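Accompanying notes for the structure given below.
Numbering (UniProt numbering), first residue to last: 1 to 106.
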């Protein structure tokens with residue numbers, strides 16, 4: 001699977017899970033999901049153009065985007081862990097790991 005395919009797959013997974021998180025949490029606990037939504041939006045901005053980026057520029061172009069999204073997901077995860085919503089926090093951790101692996105492969 002190419003970097004661009006993996007990127008698109010991660011964005012699709014994150015968008016799907018972000019929607020699911022709202023149903024998994026009580027309404028008063030959804031504030032940290034703002035960070036998940038923001039990460040998904042940041043990544044979504046590059047979905048169309050990621051396949052057009054030359055291989056030798058992928059790291060330069062995508063690293064800042066992936067790091068920012070990872071940071072947003074991490075903020076959401078920490079807040080959810082503090083609120084003892086461990087199941088959703090664990091799912092966010094899995095998404096963070098996907099981003100981290102993609103970063104390492106750039």
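The beta carbon of each residue, even a glycine, is placed where N, CA and C say it ideally should be. Here the structure is a predicted model, which means the values were calculated and not measured.
Would residue i pass as a contact of residue j if the rule is Cβ separation under 8 Å?
{"i": "residue 102", "j": "residue 8", "result": "no"}
{"i": "residue 26", "j": "residue 80", "result": "no"}
{"i": "residue 107", "j": "residue 65", "result": "Missing from the structure shown is residue 107; the chain here goes from 1 to 106 and no further."}
{"i": "residue 39", "j": "residue 69", "result": "yes"}
{"i": "residue 106", "j": "residue 3", "result": "yes"}
Return yes when at least one heavy atom of the ligand SAM lies under 7 Å from the C-beta of residue i, else no.
{"i": "residue 17", "result": "You won't find the ligand SAM in this model; it holds no ligand whatsoever."}
Starting from the C-beta of residue i, find all residues in its chain whose C-beta is less than 7 Å away, skip the five residues before and the five after it, and write them out in chain order.
{"i": "residue 61", "result": "53"}
{"i": "residue 29", "result": "83 and 85"}
Using a Cβ-Cβ cut-off of 8 Å (strictly less than) and excluding sequence neighbours within five positions of residue i, which residues of its own chain qualify?
{"i": "residue 35", "result": "72, 73, 75, 76 and 79"}
{"i": "residue 59", "result": "106"}
Within its chain, find whatever has a CB closer than 6 Å to the CB of residue i; leave out the 5 residues flanking it on each side and keep chain order.
{"i": "residue 24", "result": "88"}
Q.
Below 8 Å, how does it come out for the segment 44-54 and the segment 91-102: are there three or more Cβ pairs, yes or no?
A. Cβ pair count under 8 Å is below three, so no.
Q) Between the segment 48-65 and the segment 20-30, do three or more beta carbon pairs fall short of 8 Å? A) Counting C-beta pairs with one atom in each stretch, the segment 48-65 and the segment 20-30 have fewer than three that are closer than 8 Å, which means they do not touch.
Q | Within the segment 18-75, ranges of the alpha helix (DSSP H) (whole runs, at least 4 residues) | A | Every unbroken stretch of the alpha helix (DSSP H) spanning 4 or more residues and falling wholly within the segment 18-75 is given here in chain order: 33-44.
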